[in-house]
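Asks: What follows is a single structure, and I will ask about it in a moment.
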Amino acid sequence: MKCNLIILFIFFVAVATAQTKDEKELTEKTYLLSHTIFGTKDSATLESLAAKTVSYGHSHGNLQNRAEMIKGVSNNKSVYTDTAVSNIKIFIQDKTAIVRYLFKAKENKKDGTVTDLDFSMMLVWIKEKGKWKLMGRQAVSVK
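Using the numbering used here, the letters of the sequence shown map in sequence onto residues 12 to 154.
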C-alpha cells in the first residue's frame, strides 16, 4: 500500500507541473476522493469534498445522495489493495468541471472473497465559494 501511495505521489508531482491552478486542485481532490473512498473511509473528508446535493453513482447502478454516500463509504468493511488511478482527463467550463479517469483495485470483502475492480470514473465538480465540490460521480465497469 505504501508503495502505491509513493507511486501516486510521484505521478501527481509530475502531472501537476503541467497543469493550471484549477487542474492541479481538481487532480489533487480526485486523488483525495479516491484515497478516502477506497482507503481511509473518513467521513469528515467526504463531507468536505461533497456538495450538498451530490449524486453518487455506483457501477452496479445504485445511486446515493450525500448522506447515503458518506454512510455507505464510512461503513464499508471491504479493504482495497493494488489501487491505481490513471489516465486522468479534466474538462473545465466556468465553474463546472468533469474529471474522467480509470480506476483499478482489488476489493477484499469481509467474507474473504476478492473481486477485481476495473472502472471508468466520471466526476462532476462545481466551484462553490472558491472551492471545488463534488456534485456527481458515476462508476462504470469496463470488464
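A virtual CB, placed ideally from N, CA and C, is assigned to each residue, including glycine.
Distance, Cα to Cα, K144 vs G123?
Replies: Cα to Cα, K144 sits roughly 35 Å from G123.
Asks: Work out the CA separation of A62 and E139 for me, nearest whole Å.
Replies: 8 Å
Asks: Give the secondary structure of V84 by DSSP, where H, G and I count as helix, E and B as strand, and everything else as coil.
Replies: In the structure shown, V84 adopts helical secondary structure according to DSSP, grouped into three states.
Asks: Three or more C-beta pairs closer than 8 Å, one from the stretch 96 to 107 and one from the stretch 28 to 41: is that the case here?
Replies: yes
Asks: Judging by CA-CA distance, which residue of K121, E58, F114, N119 is the nearest neighbour of K154?
Replies: F114
Asks: Measuring CB to CB, does K52 end up less than 7 Å from S89?
Replies: The answer is no: Cβ separation not under 7 Å.
Asks: Starting from T94 and walking both ways along the alpha helix (DSSP H), at which residues does that stretch end?
Replies: No alpha helix (DSSP H) contains T94, which is instead part of the beta strand (DSSP E) from 90 to 104.
Asks: Measure the C-alpha to C-alpha separation of K117 and V135 and round it to an integer number of angstroms.
Replies: 25 Å
Asks: With distances taken between CB atoms, is the gap from Y91 to M80 smaller than 7 Å?
Replies: Contact: no.
Asks: Count the other CB atoms, across all protein chains shown, that sit within 10 Å of the CB of V125; report buried if there are 16 or more and exposed otherwise.
Replies: exposed
Asks: Does DSSP put A27 in a helix, a strand or coil?
Replies: Residue placement at A27 is flagged as unreliable, the pLDDT there being 49, under the threshold of 50; a coordinate-derived value is accordingly withheld.
Asks: Quickly, what does DSSP pair L74 with across the bridge? List them, please.
Replies: G68
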